[in-house]
Amino acid sequence: MARREIDQFTTSRKVSKVRWLEGSIFPEKDLHFATALHLDGKANTIAIWSCQNQRQFEIVKAEDVKSKFKPTQLAEAPHRGEVLDMRAVEIQDSLLVTASSLGEISLYKAKVREGSGSSLENVARHRHHGFSNLGVAEATSVSVRPQALNEIASVGEDSRLVLMGTENIQKTLQRSDYVGAGLTAVCWRSSSSLAVATKIGQVRVFDRRDIAKCVATMQDPQQLHPLTCIAQHPVEVHRLATGNDDGVISIWDVRNMSQPEVKSVKIHNSVVWEVMFHPNQPHNLISCSQDGTLATVNWKQAVNEHMSDAKDASDKHVATYWASIRNVLSVNSVDYHNRANVMIAGSDSGGILHSVQ
Amino acid sequence: MAAIPLIQPSSSASRFSASDIRRSIFSTPTVDINDASTEQDLNDEYAGQDEVPTLYLDPSPIGKGTAAESWTRQNRTIGATFRPSTNELAVFVAGKKAAEEVGGSSVFNPSRDMLHDLDTTTEITFPVKQHSSAKDNTVFLCQASIPESRIPFITQMFGIFLNTTAKDPYAEPEVYKRHFDQYYEGIQRNLLQLYESKSDMETAMAAEHTQELDLMEKLGAIWQLAEFVFFTGDDKKPIAFLFCEWLSAHDTSFDVDIGKTLLRLKGRLSHPDFWPYIYQCLLRGMRKSVIFMVEQTLNDETDEDAADALEVFLKALQGIPSSETTIPDGKTHQRHRKWQEECLKIADSKLLKHLGEAAQTAMSILIGDVETILSVTDVWEEAFSGILLYTNPSCPRYELSPILKICSSRYLEDTDVSLIDRIKIAILEMDAIKTIRHCGNFHPWLVAHLADVLQQYDYLNMSQLQLQDIPSMGWDMSIRDFFLTSYAQSLMSNTNLWEATAGYLLNCGHTGKAMLGEWICHVPLESSRKAHKVMRFCKDNDLADSLRSINRVMAVEEEKRGQYALAIQHFIASKDNDRVAKVADDLMLDFLQNGNLDLQDTLASIPNSTLNYHVEFLRSYARFHQDYKNGSLTKAGRTLIQLMSSGKAPTKYWAVMLFDALPLLENKRDLVFDSSDTYEMMRCLEEVVGSQHKVEYLQLLSTRVPSAAPTAEDKEELLSLVRLSLVRNLARSFVHQPRDMDLDVAMAE
Chain A
1 MARREIDQFT TSRKVSKVRW LEGSIFPEKD LHFATALHLD GKANTIAIWS
51 CQNQRQFEIV KAEDVKSKFK PTQLAEAPHR GEVLDMRAVE IQDSLLVTAS
101 SLGEISLYKA KVREGSGSSL ENVARHRHHG FSNLGVAEAT SVSVRPQALN
151 EIASVGEDSR LVLMGTENIQ KTLQRSDYVG AGLTAVCWRS SSSLAVATKI
201 GQVRVFDRRD IAKCVATMQD PQQLHPLTCI AQHPVEVHRL ATGNDDGVIS
251 IWDVRNMSQP EVKSVKIHNS VVWEVMFHPN QPHNLISCSQ DGTLATVNWK
301 QAVNEHMSDA KDASDKHVAT YWASIRNVLS VNSVDYHNRA NVMIAGSDSG
351 GILHSVQ
Chain B
1 MAAIPLIQPS SSASRFSASD IRRSIFSTPT VDINDASTEQ DLNDEYAGQD
51 EVPTLYLDPS PIGKGTAAES WTRQNRTIGA TFRPSTNELA VFVAGKKAAE
101 EVGGSSVFNP SRDMLHDLDT TTEITFPVKQ HSSAKDNTVF LCQASIPESR
151 IPFITQMFGI FLNTTAKDPY AEPEVYKRHF DQYYEGIQRN LLQLYESKSD
201 METAMAAEHT QELDLMEKLG AIWQLAEFVF FTGDDKKPIA FLFCEWLSAH
251 DTSFDVDIGK TLLRLKGRLS HPDFWPYIYQ CLLRGMRKSV IFMVEQTLND
301 ETDEDAADAL EVFLKALQGI PSSETTIPDG KTHQRHRKWQ EECLKIADSK
351 LLKHLGEAAQ TAMSILIGDV ETILSVTDVW EEAFSGILLY TNPSCPRYEL
401 SPILKICSSR YLEDTDVSLI DRIKIAILEM DAIKTIRHCG NFHPWLVAHL
451 ADVLQQYDYL NMSQLQLQDI PSMGWDMSIR DFFLTSYAQS LMSNTNLWEA
501 TAGYLLNCGH TGKAMLGEWI CHVPLESSRK AHKVMRFCKD NDLADSLRSI
551 NRVMAVEEEK RGQYALAIQH FIASKDNDRV AKVADDLMLD FLQNGNLDLQ
601 DTLASIPNST LNYHVEFLRS YARFHQDYKN GSLTKAGRTL IQLMSSGKAP
651 TKYWAVMLFD ALPLLENKRD LVFDSSDTYE MMRCLEEVVG SQHKVEYLQL
701 LSTRVPSAAP TAEDKEELLS LVRLSLVRNL ARSFVHQPRD MDLDVAMAE
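Chains as they are written, first to last, in UniProt numbering: chain A, 1 to 357; chain B, 1 to 749.
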């Protein structure tokens with residue numbers, strides 16, 4: 001399998017999530033990102049970081065970049081429970097929405113300033129997910145309504161989809177019926193439709209106007225493994241991507257929801273933790289996995305050529321794998337800065353992986 | 001107050017904390033320290049030292065909050081043994097004096113062997129009767145906690161280990177070298193990070209930080225020396241020059257600033273530091289530095305005679321062996337001899353006498369006069385480097401022993417040779433076993449990784465070893481596996497490192513895997529994501545028994561949370577069919593008692609591919625209710641009959657199911673059950689009524705009786721209703737044909 005080396009900065013804690021803060025308020029010479037850090041059983045925190053935008057100044061060779069990624073931590077704030085998902089919302093200052101293992105949805109305000117004025121503080125928190133017997137259910141994923149940015153959707157182990165306002169996350173706007181399959185991921189298909197992934201390999205679609213009942217339930221009969229992540233194509237509304245716990249990435253064409261077209265390719269050797277369409281080249285997918293790699297896959301080509309597995313995809317130059325020689329542990333999260341063209345990822349070895357594309 | 005200086009561990013192991021220690025399979029009970037109430041001044045021998053490692057244990061033989069005085073009255077001594085290969089400490093009650101010895105009237109003067117914080121003049125009277133306690137027979141085990149700042153180092157080294165251990169250094173040397181080099185680079189990178197973070201370190205953390213720096217520096221020094229001696233070929237660079245490189249990188253006893261100061265001075269030739277500096281440079285093979293210094297001195301020198309002497313001296317210095325001049329063409333020795341003959345001539349020349357005795361000493365060093373070399377330095381490494389460089393610069397690495405003997409007889413005869421020195425000597429002797437043995441006393445990381453690489457290079461071939469050289473440790477595995485397992489054990493105290501611990505154990509043969517199988521079941525699963533990762537690890541590495549065990553634990557947890565579907569899934573995965581039946585019963589009972597529970601939705605979480613007898617029954621029963629709710633009466637009836645006739649439905653549910661059939665039987669519009677179905681149901685009814693477990697079977701009917709506390713008569717009445725209904729249906733079935741199922745479905749739609 002062809003692997004490319006990726007630069008790594010190492011922290012002393014596991015990095016469960018990374019997200020770029022792409023707000024226009026930040027000076028172009030610096031890039032900023034947020035990480036969720038944790039040590040098992042204690043010390044869950046959110047941190048914001050600053051790093052140099054290497055592309056801004058020079059066209060750098062890969063080997064030069066290698067030693068240049070040295071982010072500076074600007075601020076850190078404690079987080080209740082492990083962060084299972086995190087999204088950045090750019091309204092004035094950056095807002096970070098997190099889903100926690102305690103079933104809570106939290107809102108953090110990140111102020112990034114030149115010098116030492118940066119801060120990160122928790123501004124709101126509310127438990128939206130729990131079992132009917134009052135037991136704790138993990139909030140597994142959150143997604144912010146595109147364009148309007150005024151609503152947040154979250155899903156949880158309690159098999160419910162919840163809508164809440166960004167301004168007031170304490171208030172539940174809508175709550176779905178018990179879906180009964182354990183929801184693992186959510187994304188907005190458009191500002192009026194949502195898609196969720198389930199533990200039994202289903203994709204369910206909801207209409208925002210009434211999320212009580214799901215509009216459609218779809219499943220790839222060939223892939224019954226639990227889905228772990230879901231992403232919406234940036235342009236084609238009918239196109240979804242999912243990843244499952246067997247390393248398979250599926251591309252869904254949901255124009256006909258009663259008979260969706262699904263194409264699946266095994267890209268990773270273990271659980272796919274996150275998948276996203278490349279914001280600037282949507283024919284490419286970016287994914288990260290427990291096998292310790294990141295992958296960029298030309299999904300159109302992969303689907304057309306009926307790739308059988310990761311090695312096949314790599315041999316046919318459809319997939320490119322990225323890994324650090326210093327990391328063999330799970331890569332938990334990945335994000336792509338669409339203006340600076342920089343990929344960033346976080347791993348269980350405490351590594352923040354970084355690659356200028 | 002009380003401090004219990006149980007041991008004085010090595011610097012790497014002096015910080016023990018049990019607040020983080022939970023997971024060692026050996027470490028029940030755990031250790032807790034920093035109890036202010038048990039602090040005590042240290043023994044006199046530690047007086048004056050800045051920091052003495054102390055250890056506070058809880059639980060321990062002494063017990064939390066026990067003042068040393070009261071402990072001493074209990075007439076116990078305490079023993080402790082430290083195992084450096086796993087950073088573990090065992091503390092135990094070592095013994096007590098006999099009651100006769102310390103009888104009621106006896107007076108005991110506490111000695112240094114006894115744990116005390118009392119003034120030595122204090123006299124203690126022991127009670128006549130001495131009770132033994134459970135703690136007397138308990139060994140308390142604890143592990144050194146791992147500083148947070150070392151975690152990145154450990155995880156990165158684990159990655160390098162995985163990349164290296166699978167490769168053959170002889171089959172693919174280039175690839176192997178690339179990964180192997182990462183070890184030293186990793187240590188250097190970690191050192192760099194430690195240096196960078198030193199400036200903004202709070203005082204409280206500074207001590208730990210300094211220890212960490214010291215440890216990393218030592219690890220780097222030993223690792224590189226081992227790399228040069230064991231893993232670098234003579235054809236690449238003679239060991240003499242590699243050792244000089246190593247000395248410059250790792251021996252900080254040489255002060256570079258002296259050279260800088262000297263260069264700023266005028267008349268430096270007469271400065272007392274000038275010649276010692278020159279000697280040090282010569283011994284360390286710092287050819288360029290010494291030539292530069294002499295050149296500068298020559299330029300500044302006003303005395304013509306001295307300048308001429310310096311010029312001659314400089315000429316001699318130009319020939320100092322270096323890696324550039326020592327070409328492996330077989331004539332190196334000849335060239336070296338020729339140069340030394342020239343040096344001898346220069347030393348004998350009158351010209352050099354203008355520089356005094358000191359210059360003669362320098363020339364003696366160049367000529368390779370061992371006594372002179374030994375007389376100008378107090379550091380054995382410098383002497384070794386000098387002798388090697390000037391007597392035999394192309395000496396192969398396996399012939400270093402004679403030179404080492406010269407040095408050790410002069411510098412290391414003392415019994416108080418430090419562990420680090422013993423390790424260095426063992427490496428230079430190319431004695432792999434001795435190296436491993438000493439490294440084993442130094443740090444678990446070092447010995448484990450060194451043993452792994454030495455094994456790959458065939459230095460630890462058991463068949464060629466004299467086994468009596470290895471201390472008997474009662475292990476039935478290779479040296480590499482033993483130390484890797486020990487290292488993995490030392491990581492067990494930190495559950496954040498579970499992947500690394502598991503990864504090391506996985507690479508330690510059968511014993512490691514067996515230990516892994518036991519240990520991984522105890523990794524705490526704080527979140528579903530971590531549980532997922534642990535279970536995936538077990539699945540990927542064929543740890544079927546552990547996976548079953550973890551699934552069982554997860555299932556019990558889910559059951560406690562009332563997540564029956566998840567509990568069933570985990571119990572199925574753990575192949576615990578009895579527990580599946582129990583949870584399925586609970587779920588069924590919950591459904592029967594709680595009308596709000598949607599059985600079908602709950603079961604939706606269980607993948608359709610799951611094949612289990614009990615789940616199949618629940619699914620069919622849920623389908624029956626769904627069909628009934630949707631108006632597909634015939635379909636619902638068919639499902640019910642199939643459940644009872646096929647034996648899928650446990651007999652205890654038959655009474656409830658027969659009662660559920662009542663609306664279908666009493667359905668006036670269509671005939672749902674034909675005569676054979678009705679006979680079957682009658683058979684079931686009779687089996688329930690005639691069974692010795694009738695009371696138990698009827699118990700569940702309580703959920704179907706409106707009254708709060710239904711009596712046996714109420715339940716009998718229900719059964720009578722069913723019987724009557726069955727008879728009526730039988731009569732109808734003789735007259736009418738049952739409705740076609742497809743039509744029924746169409747009507748419902």
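All C-beta atoms, glycine included, are put in the ideal place defined by N, C-alpha and C. These numbers come from a predicted model, not from an experiment.
By the CB criterion at 8 Å, His336 of chain B and Pro321 of chain B fall inside the cutoff. In the structure shown, the three-state DSSP call for Tyr108 of chain A is strand.
Closest in C-alpha terms to Ser720 of chain B, from the list B:Leu314, B:Val688, B:Gln143 and B:Ile187, comes B:Val688. Under the 8 Å criterion on CB atoms, Phe131 of chain A is classed as interfacial with respect to chain B.
About 6 Å separates the Cβ atoms of Leu262 of chain B and His271 of chain B, confirming a contact at the 8 Å cut-off. By the neighbour-count criterion, in which a residue is buried when 16 or more other Cβ atoms sit within 10 angstroms of its Cβ, Asn461 of chain B is exposed. Comparing alpha-carbon positions, the option among B:Leu428, B:Asp416 and B:Tyr184 lying closest to Arg397 of chain B turns out to be B:Leu428. Of the other Cβ atoms in all chains shown, 16 or more fall within 10 Å of the Cβ of Asn53 of chain A; this residue is therefore buried. Nearest neighbour of Glu666 of chain B by Cα position, chosen from B:Leu640, B:Tyr613 and B:Val722, turns out to be B:Val722. Taking a cut-off of 8 Å for Cβ pairs, the segment 325–332 of chain A and the segment 145–161 of chain B touch, as three or more such pairs fall below it.
Taking one beta carbon from each stretch, the segment 387–396 of chain B and the segment 354–370 of chain B have 3 or more pairs nearer than 8 Å; the two touch.
By the Cβ neighbour-count rule, Ala231 of chain A is buried, with 16 or more other Cβ atoms within 10 Å of its own. Annotation for Thr435 of chain B: the continuous alpha helix (DSSP H) segment containing it runs Ala432 to Gly440. In summary, the residues of the segment 321–335 of chain A whose CB is separated from some CB of chain B by less than 9 Å are Ser324, Ile325, Arg326, Asn327, Val328, Leu329, Ser330 and Asn332, in the order they occur in the chain. Relative to the Cα of Gln223 of chain A, the nearest Cα in the group A:Gly165, A:Val254, A:Phe206 and A:Val248 belongs to A:Val248. Of all C-beta pairs linking the segment 625–640 of chain B to the segment 683–699 of chain B, fewer than three are shorter than 8 Å, placing the two stretches out of contact. In chain A, no part has a C-beta under 7 Å from the C-beta of Ile291 of chain B; the shortest such distance is about 33 Å.
Near chain B, meaning a CB-to-CB distance below 7 Å, the residues of the segment 164–188 of chain A are Tyr178, Gly180, Ala181 and Gly182. Proximity of chain B to Ile249 of chain A at the Cβ level (cut-off 8 Å) is not reached, the minimal Cβ distance being about 17 Å. Short of 8 Å from the beta carbon of Cys244 of chain B, and not among the five residues preceding or following it, lie these beta carbons of its own chain, in chain order: Arg284, Gly285, Met286, Ser385 and Leu389. For Ile403 of chain B, the enclosing alpha helix (DSSP H) starts and ends at Ser401 to Tyr411.
Inclusion of Ser193 of chain A and Trp273 of chain A in the CB contact set at 8 Å is not warranted, their separation being larger than that value.
Ile169 of chain A is bridged by DSSP to nothing; it lacks a bridge partner.
Pairwise C-beta distances place the segment 541–550 of chain B out of contact with the segment 114–125 of chain A, as fewer than three of them are shorter than 8 Å. Remark: C-beta atoms of Gln692 of chain B and Phe131 of chain A do not approach each other more closely than 8 Å.
The three-state reading of DSSP puts Arg239 of chain A in strand, counting E and B together.
As a beta-bridge residue in DSSP terms, Cys142 of chain B pairs with B:Leu89. A straight line joining the alpha-carbon of Glu88 of chain B with that of Tyr487 of chain B spans about 11 Å. At a Cβ-Cβ threshold of 8 Å, Ser349 of chain B and Val312 of chain B count as neighbours. In the DSSP assignment, the residues bridged to Tyr321 of chain A are A:Arg3 and A:Ala295. The shortest CA-to-CA distance from Glu196 of chain B to any of B:Glu559, B:Ser409, B:Trp445 and B:Ser149 is the one to B:Ser149.
Fewer than three beta-carbon pairs drawn from the segment 399–409 of chain B and the segment 341–355 of chain B are found closer than 8 Å, and the two stretches are therefore not classed as touching. Secondary-structure assignment with DSSP links Phe231 of chain B through no beta bridge to anything.
When DSSP states are grouped into helix, strand and coil, Leu611 of chain B belongs to the coil group.
For the segment 158–170 of chain B, the beta-carbon criterion of a distance under 8 Å to any beta-carbon of chain A is satisfied by Phe158, Gly159, Ile160, Leu162 and Asn163.
DSSP, read as helix, strand or coil, puts Pro169 of chain B in coil.
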